[in-house]
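In order, the protein sequences belong to chains A and B. For the first sequence, my numbering begins at 1 and goes up steadily by one. For the second sequence, my numbering begins at 394 and goes up steadily by one.
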Amino acid sequence: MMMVVTVQAQVTVSRNFLKKGFAVTGFGGDASVAGQVAGVLKNDLHLSGYFEIKPAAEADYVQQGNVRVQGGMDYVDCMVTLKASNKVILSKTYQGSAQDLRRVTHQITDDIVQAIMNQRGIARTKIAFVLSHGNAKELAVMDYDGYNARQVTYDKSISVRPRWSPDGHKIIYTSYLQTFPDVLEADLYTHQRRRVAGYPGLNTGAEFSPDGQTIALTLSKDGNPALYTMNAGGGGLLRLTHTKGAASSPTWSPDGSEIAYVSDDQGSPQVYVIGRNGGEPQRLTRSPSYNTEPNWSHPPAGSDLKPMLAVTSRVGGKFQIGIYDGSGGVVPKVADGADNEDPSWAPDGRHLVFAKTANWRSRLYLLDVVTGDQVELPSIEGGASEPAWGPGL
Amino acid sequence: MRSKFFSTAIIVALIGTLNLTTGCAWWHKHFGPKTNQTAGGPPPLPGTDTGIQMGERGPMTGGGDHKTFAAQTVYFDYDSAKIKPSEVSKVEAVASALKSGSQNIVVEGHTDERGTAEYNRALGERRAQAAREELIHLGVAASRITTISYGKERPVDPTHDDTAWSRNRRAEFVISQ
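Below is the structure:
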């Protein structure tokens with residue numbers, strides 16, 4: 001059966017993708033609260049990729065507002081007007097406690113993106129990542145803009161390769177807590193953990209299917225590392241690949257019918273795709289000579305973007321983030337002489353997060369694949385790596 | 394663009410103050426309901442699985458004896474899991490020692506720091522399995538040998554140069570306890 005991998009490598013900057021001028025005139029009322037909200041709002045709008053912050057005289061859209069502090073709660077009135085017609089596109093009051101101001105402002109941004117662009121925003125999403133802590137690696141979660149980073153594991157072990165459940169409640173990851181590399185699942189809300197896979201050999205690379213019912217993962221219990229699927233709740237183990245080389249790093253297609261993954265069966269690692277029930281794999285990448293860590297975007301319904309397969313390529317000994325071009329090659333997106341690795345798509349299918357290592361220090365960056373803009377996230381002591389962008393709400 | 398209201402220093406300080414005792418409380422406050430917890434750490438994993446087939450596990454090594462076979466550590470070429478002819482005698486020495494004893498061993502597979510983390514876990518496992526297969530080929534019972542891939546997480550030499558990298562691309566033979 002012929003598999004059709006629908007991906008888009010080049011994004012033409014059509015009229016839809018030109019940035020709109022947006023003026024944040026700020027908020028009246030308590031200066032400290034107003035300042036915080038305006039600052040986060042400007043950063044969010046900039047990160048969205050849709051807007052360029054401009055003075056009111058030059059902008060297409062103008063924000064005005066007010067903050068009130070009452071009974072221990074902050075109230076933020078926010079109004080956005082389309083200058084050309086004076087049409088009010090957003091007028092709403094938001095509330096939250098003082099600690100919640102960032103979250104409240106992220107909500108404002110998502111509402112603005114929805115109202116003006118008719119797209120789901122990413123301002124309230126989270127990114128899981130690996131935090132280097134001395135000799136240990138622990139999991140942590142932060143807001144998409146790099147703030148509010150919080151540690152999730154305290155195992156003083158090696159916890160790596162996090163992936164989110166589609167409902168955003170759970171993270172599955174690879175842990176050496178019990179000496180051997182196992183796949184564990186941590187529920188961020190119930191605080192429960194369970195072992196998903198603990199077979200002899202390697203258990204790693206676990207990723208939930210888009211509907212959350214199936215987990216794809218890498219196991220070496222039957223020989224060289226191979227690709228398997230299993231039921232998310234346990235059982236139903238099915239082996240997909242049967243090659244001499246190692247298969248690893250699965251990533252699901254948007255409809256969950258296919259899995260792209262890495263195999264070094266023909267020498268150096270390249271990206272392949274296979275049906276979710278197994279069968280004949282199809283090789284995707286042919287050049288450059290080393291392509292790993294594929295991540296398949298799942299743009300939401302109504303998006304202007306098609307699904308894309310981001311990969312890490314090695315060129316001249318350095319690592320680049322690229323997009324599979326649909327015919328064996330990779331279009332480089334981040335190739336700057338540093339080591340850029342482990343792309344993970346945002347739920348908008350437009351942004352991704354990756355790790356850039358320069359001078360042997362690893363930091364997380366966001367990339368807008370439409371504009372090519374890269375943004376460095378606030379640095380994490382010890383280093384941050386292997387990021388995984390969480391689902392939209 | 395960074396908000397002027399959250400400096401890098403504050404983020405670093407927040408991470409820096411996380412430790413076992415405050416960290417657990419912090420997680421409870423932000424992520425979950427209050428439960429009875431022993432102070433000073435997250436709850437241990439459940440002792441039994443939730444209906445997931447575990448399969449047979451090899452011996453748990455804990456620390457393991459890395460010293461006895463330290464001289465027999467097998468080294469690999471870049472991107473390769475092939476046991477080079479120059480390394481075979483080391484595996485033969487380990488096989489010989491094992492066949493005249495009854496210890497179980499764990500073969501640890503490692504990579505150098507270059508290369509993506511997850512692919513390196515798979516490559517490390519291929520290296521460990523290559524050494525394991527050679528031991529089996531030389532007559533050691535398969536049930537006595539398990540593998541652990543550490544990918545690039547446990548270098549012997551953290552220096553960022555070719556010498557260190559060639560020392561890190563290795564399979565180590567560890568006697569389990």
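Ideal Cβ positions, reconstructed from N, Cα and C, are used throughout, including at glycine.
Query                                                                                                                      : Result
Contacts that B/L516 makes with chain A (C-beta to C-beta distance below 8 Å)                                              : A246 and D264
Under the three-state DSSP convention, the category B/W558 falls into                                                      : helix
C-beta neighbour in chain B for A/F319, strict 9 Å                                                                         : yes
Assigned secondary structure, A/S313 (DSSP; H/G/I helix, E/B strand, else coil)                                            : strand
Residues of the region 249 to 261 of chain A with Cβ closer than 8 Å to any Cβ of chain B, in chain order                  : S249
Cut-off 6 Å between Cβ atoms - residues of its own chain near B/K545, not counting five sequence neighbours on either side : T504, E506 and N513
Beta strand (DSSP E) segment containing A/I215, residue limits                                                             : T214 to L219
Short-range partners of chain A found in the region 534 to 547 of chain B, where Cβ spacing is below 7 Å                   : T539, T540, I541, S542 and E546
Beta-bridge pairing of A/G245 - partner residues as DSSP gives them                                                        : DSSP output for A/G245 lists no bridge partner at all.
Sub-9 Å separation of A/K156 and A/H133 beta-carbons                                                                       : yes
CB-CB length for A/I175 against A/L202, believed under 8 Å                                                                 : Residue 175 of chain A is actually Ser in this sequence, not Ile. At roughly 12 Å, the Cβ-Cβ gap does not stay under 8 Å, so A/S175 and A/L202 are not in contact.
Contact test: A/A84 Cβ vs the ligand MN heavy atom, cutoff 8 Å                                                             : Among the ligands in the structure shown, none appear at all, so the ligand MN cannot be discussed.
Assumed close pair A/E207, A/T251 - CB separation to whole angstroms, cut-off 8 Å                                          : 6 Å
Neighbour flag for B/Q522 against chain A, beta carbons, 9 Å                                                               : yes
Limits of the beta strand (DSSP E) - the one that A/L352 falls within                                                      : H351 to A358
A/M230, enclosing alpha helix (DSSP H) - first and last residue                                                            : Careful: A/M230 lies outside any alpha helix (DSSP H), inside the beta strand (DSSP E) at A226 to N231.
Residues of its chain near B/A463, where Cβ-Cβ distance is below 8 Å and the 5 sequence neighbours each way are ignored    : E565
Beta carbon proximity, A/I89 to chain B, threshold 9 Å                                                                     : no
Contacting positions in the region 337 to 355 of chain A - beta carbon closer than 7 Å to chain B                          : E341 and D342
Contact check, B/E501 vs B/I541, beta carbons under 9 Å                                                                    : yes
Contact belief for A/I122 with A/L90 at Cβ below 8 Å, rounded distance in angstroms                                        : Rounded, the Cβ-Cβ distance is 18 Å, inconsistent with contact.
Residues of the region 223 to 234 of chain A with Cβ closer than 7 Å to any Cβ of chain B, in chain order                  : N224, P225 and G234
Beta carbon proximity, B/R563 to chain A, threshold 9 Å                                                                    : no
Residue burial classification, B/P478 (beta-carbon count within 10 angstroms, cutoff 16)                                   : exposed
Assumed close pair A/C78, A/Q99 - CB separation to whole angstroms, cut-off 8 Å                                            : A/C78 to A/Q99, Cβ: 19 Å. No contact.
N-terminal and C-terminal residue of the beta strand (DSSP E) that A/A136 is part of                                       : A136 to D143
Beta strand (DSSP E) segment containing A/Q99, residue limits                                                              : Premise fails: A/Q99 is in no beta strand (DSSP E) and is neither H nor E.
As assigned by DSSP and simplified to three states, the class of A/E395                                                    : With chain A covering 1 to 393 only, the question about residue 395 of chain A has no answer from this structure.
N-terminal and C-terminal residue of the beta strand (DSSP E) that A/R396 is part of                                       : A query on residue 396 of chain A cannot be resolved here, the shown segment of chain A reaching from 1 to 393 and no further.
Status (buried if at least 16 other CB within 10 Å, exposed otherwise) for A/G302                                          : exposed
Beta-carbon neighbours of A/R161, restricted to chain B and to distances below 9 Å                                         : A510, E511 and R514
Given A/K19 as reference, the closest of A/D368, A/K170, A/D255 and A/P391 once Cα atoms are compared                      : A/D368
Alpha-carbon to alpha-carbon, B/A515 and A/Q282                                                                            : 20 Å
Secondary structure of B/N513, DSSP reduced to three states                                                                : helix
Closer than 9 Å at the beta carbon, the chain A residues around B/R519                                                     : S220, N224, P225, G245, A246 and D264
Counted within 10 angstroms of its Cβ, other Cβ atoms place B/R520 as buried (16 or more) or exposed                       : buried
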